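Numbering (the working numbering), first residue to last: 349 to 705.
Dropping the structure here:
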């Protein structure tokens with residue numbers, strides 16, 4: 349039912365109001381305009397005192413003192429050893445598993461391989477970091493050590509070699525910084541989107557949003573199989589005494605779905621080219637040009653502050669306009685005996701200017 353004020357409205361007015369309502373409903377589906385003051389502000393995170401140290405929102409999985417955050421595969425206490433600020437694999441002790449489960453994360457970890465180096469290829473300082481117990485970033489002494497490309501340090505094992513070999517010599521501490529996005533599965537178990545990883549090895553980009561083909565494995569290419577949205581980390585025991593320290597993660601929210609472009613304003617009324625033409629001109633505040641307003645057909649455009657850009661103005665009423673994709677407004681004021689004025693409000697700026705003759 350129509351609101352009471354519209355029940356007896358003239359047909360033309362009713363059509364105009366209804367058209368504006370439909371137009372407003374047909375939004376682009378994007379939530380925010382450029383410089384939108386209503387857009388939620390990001391939470392505050394205190395960074396670590398030095399690069400590589402855990403920020404305030406991190407989950408520290410190894411604090412340099414205990415293996416309390418880890419177990420063996422069977423749930424028994426982890427059988428690795430703790431040294432001076434590090435934990436070290438014990439050959440034959442088996443992998444260790446984080447007590448907590450994660451999905452999307454940012455990871456920082458530091459690791460080192462034995463010095464002097466022993467062995468060659470995959471037999472030299474081998475371990476691995478498994479995200480969600482399925483997706484491995486290879487740990488290996490790859491300093492002057494030849495092996496297959498998708499098995500060297502910082503490879504997504506068996507799938508993607510690193511873009512470059514950024515390895516340090518054996519015995520030196522190395523770092524991985526990883527952004528991991530888990531795979532998404534539909535209700536029927538089908539893959540909706542694959543897992544992805546971005547990896548920095550010793551500060552060097554080595555995996556650039558790489559798409560995983562499925563579970564990483566040796567010798568075979570495993571397809572995806574549906575699994576929970578959160579699973580533990582696993583650190584591999586490959587019978588080599590590899591050390592880890594400063595292991596922390598930041599759980600990440602789902603990727604935003606409302607940031608694929610700005611929201612667009614829709615006209616609330618329709619103004620004729622003749623009505624728009626009366627706003628055309630150059631508006632100044634003293635010597636400063638605040639705006640140049642032009643018209644092309646039935647569309648009005650504003651170039652703010654001499655930026656050399658054309659922002660379309662979308663009518664709200666007969667004298668007020670929204671910027672099409674930016675959180676800004678233009679209000680035209682005409683008073684007898686005074687030059688026409690324009691008030692521009694955008695990005696924490698409010699400027700009033702007069703049209704020059």
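Even glycine gets a Cβ: it sits at the ideal position worked out from N, Cα and C. All values reported here derive from a predicted model rather than from experimental measurement.
Item to check | Where the alpha helix (DSSP H) through residue 625 begins and ends | outcome: Translated into the one-based positions of the chain shown, residue 625 becomes position 277. Taken as a continuous stretch (DSSP letters only), the alpha helix (DSSP H) holding residue 625 covers 621-625.
Next on the checklist: Please state whether the Cβ-Cβ distance between residue 408 and residue 596 is less than 9 Å.
Outcome noted: The sequence position of residue 408 within the chain shown is 60, counting from 1. The sequence position of residue 596 within the chain shown is 248, counting from 1. Yes, the Cβ-Cβ distance between residue 408 and residue 596 is below 9 Å.
Checklist entry - For the putative contact between residue 505 and residue 564, defined by C-beta atoms under 8 Å, what is the C-beta separation to the nearest angstrom? => result Taking the chain shown and counting its residues from 1, one reaches residue 505 at position 157. Taking the chain shown and counting its residues from 1, one reaches residue 564 at position 216. Their Cβ separation, rounded to whole angstroms, is 4 Å, which keeps residue 505 and residue 564 in contact under 8 Å.
Checklist entry - Does the distance from the CB of residue 631 to the CB of residue 696 come in under 9 Å? => result Translated into the one-based positions of the chain shown, residue 631 becomes position 283. Translated into the one-based positions of the chain shown, residue 696 becomes position 348. No, the pair does not count as a contact, with Cβ atoms beyond the cut-off.
Next on the checklist: Measuring straight from C-alpha to C-alpha, what distance separates residue 484 and residue 517?
Outcome noted: The residue given as residue 484 occupies position 136 in the chain shown. The residue given as residue 517 occupies position 169 in the chain shown. Approximately 22 Å between the Cα atoms of the pair.
Checklist entry - Taking all protein chains shown into account, do 16 or more other C-beta atoms lie within 10 angstroms of the C-beta of residue 472, making it buried, or fewer, making it exposed? => result The residue given as residue 472 occupies position 124 in the chain shown. Buried.
Checklist entry - At a cut of 8 Å, does the stretch 388-399 reach the stretch 417-424 through at least three beta carbon pairs? => result no
Next on the checklist: DSSP has residue 478 in a bridge; who is on the other side?
Outcome noted: Taking the first residue of the chain shown as position 1, residue 478 is located at position 130. Partner(s): 484, 582.
Checklist entry - Taking residue 442 as the reference, which of 429, 452, 560 has the closest Cα? => result Residue numbering aside, residue 442 sits at position 94 when the chain shown is read from its first letter. Closest by alpha carbon: 429.
Checklist entry - On the three-state DSSP scale, how would you describe residue 525? => result Start at 1 with the first residue of the chain shown, and residue 525 comes out as number 177. Strand.
Item to check | Other residues of its chain near residue 691: CB distance less than 6 Å, five sequence neighbours each side excluded | outcome: Against the chain shown, residue 691 aligns to sequence position 343. Cβ neighbours of residue 691 beyond the five flanking positions: 679, 700.
Next on the checklist: Count Cβ pairs between the stretch 610-621 and the stretch 579-591 that sit closer than 8 Å; are there 3 or more?
Outcome noted: no
Item to check | Beta-ladder partner(s) of residue 643, from DSSP | outcome: The count along the chain shown starts at 1 and reaches residue 643 at position 295. Note: residue 643 sits in a beta bridge opposite 648.
Checklist entry - Name the DSSP beta bridge partners of residue 465, please? => result Looking up residue 465 in the chain shown gives position 117. None; residue 465 has no bridge partner.
Item to check | Whether residue 452 touches residue 560 by CB criterion (9 Å) | outcome: The count along the chain shown starts at 1 and reaches residue 452 at position 104. The count along the chain shown starts at 1 and reaches residue 560 at position 212. Cβ atoms of residue 452 and residue 560: not closer than 9 Å.
Next on the checklist: Nearest by alpha-carbon distance to residue 544: which of 464, 624, 507, 386 is it?
Outcome noted: What you label residue 544 is simply residue 196 of the chain shown in a count that begins at 1. Among 464, 624, 507, 386, the Cα nearest to that of residue 544 belongs to 507.
Checklist entry - Near residue 557, which residues of its chain fall below 6 Å by C-beta distance, leaving aside the five closest residues on each side in sequence? => result Within the chain shown, the letter at position 209 stands for residue 557. Cβ neighbours of residue 557 beyond the five flanking positions: 544, 546.
Checklist entry - Buried or exposed: which applies to residue 418, given that a residue is buried once 16 or more other Cβ atoms fall within 10 Å of its Cβ? => result By 1-based counting over the chain shown, the position of residue 418 is 70. Per the 10 Å Cβ criterion, buried.
Checklist entry - Helix, strand or coil: how does DSSP classify residue 498 here? => result Within the chain shown, residue 498 is the residue found at index 150, counting from 1. Here residue 498 sits in helix by DSSP.
Checklist entry - DSSP puts residue 701 in a beta bridge; with which residues? => result Translated into positions along the chain shown, residue 701 becomes position 353. Bridge partners of residue 701: 690.
Item to check | Local conformation of residue 451 per DSSP, three classes | outcome: Position 103 of the chain shown, counting from 1, holds the residue named residue 451. Residue 451 falls in the coil class under three-state DSSP.
Checklist entry - Whose C-alpha, out of 493, 489, 526, 676, is nearest the C-alpha of residue 555? => result By one-based count along the chain shown, residue 555 stands at place 207. Of 493, 489, 526, 676, the residue nearest in Cα terms is 526.
Next on the checklist: What ranges does the beta strand (DSSP E) occupy inside the stretch 380-453, keeping only unbroken runs of at least 3 residues that lie completely in it?
Outcome noted: 407-410, 418-420, 444-450
Next on the checklist: DSSP three-state label for residue 471, please.
Outcome noted: On the chain shown, position 123 is the one that residue 471 refers to. Note: residue 471 maps to helix in three-state DSSP.
Item to check | Coarse secondary structure for residue 560, derived from DSSP in three states | outcome: The residue given as residue 560 occupies position 212 in the chain shown. Of the three classes helix, strand and coil, the one that applies to residue 560 here is coil, per DSSP.
Item to check | Beta carbon of residue 550 nearer than 9 Å to that of residue 514 | outcome: Residue mapping note: residue 550 aligns to position 202 of the chain shown, counting from 1. Residue mapping note: residue 514 aligns to position 166 of the chain shown, counting from 1. In this structure, residue 514 lies closer than 9 Å to residue 550 by Cβ.
Item to check | Straight-line Cα distance separating residue 663 from residue 616 | outcome: Within the chain shown, residue 616 is the residue found at index 268, counting from 1. Within the chain shown, residue 663 is the residue found at index 315, counting from 1. Approximately 6 Å, taken between the alpha carbons.
Checklist entry - In chain order, what residues of the same chain have a beta carbon less than 7 Å from the beta carbon of residue 380, not counting five sequence neighbours either side? => result Working through the chain shown from its first residue, we reach residue 380 at position 32. Here the set comprises 387, 606, 610, 611.
Item to check | Rounded straight-line distance, which links the Cα of residue 638 to that of residue 655 | outcome: Within the chain shown, residue 655 is the residue found at index 307, counting from 1. Within the chain shown, residue 638 is the residue found at index 290, counting from 1. Distance between the alpha carbons of residue 655 and residue 638: 10 Å.
Checklist entry - Can you tell me whether residue 490 is buried or exposed, with buried defined as 16 or more other CB within 10 angstroms of its CB? => result Counted from its first residue, the chain shown places residue 490 at position 142. When all chains shown are included, residue 490 counts as buried.
Next on the checklist: Just to confirm my understanding: we take residue 528, look at its own chain, exclude 5 residues before and 5 after, and list those with CB closer than 6 Å. What are they?
Outcome noted: Position 180 of the chain shown holds residue 528. Hits under 6 Å: 453, 479, 545.
Checklist entry - Rounded to whole angstroms, how far is the Cβ of residue 459 from the Cβ of residue 522, which I believe are closer than 8 Å? => result On the chain shown, position 111 is the one that residue 459 refers to. On the chain shown, position 174 is the one that residue 522 refers to. Indeed, because the Cβ distance is near 6 Å, the residues count as touching under 8 Å.
Checklist entry - Under three-state DSSP, which class holds residue 370? => result Here residue 370 corresponds to residue number 22 of the chain shown, with the count starting at 1. Confidence is the limiting factor: at residue 370 the pLDDT is only 37, short of 50, which leaves the residue's position unreliable, though a coordinate-based value still follows. Residue 370: helix per DSSP, three-state reduction.
Checklist entry - How big is the Cα-Cα spacing for residue 406 and residue 457? => result Counting from one through the chain shown, the residue named residue 406 turns up at place 58. Counting from one through the chain shown, the residue named residue 457 turns up at place 109. Looking at the two C-alpha atoms, the distance is approximately 12 Å.
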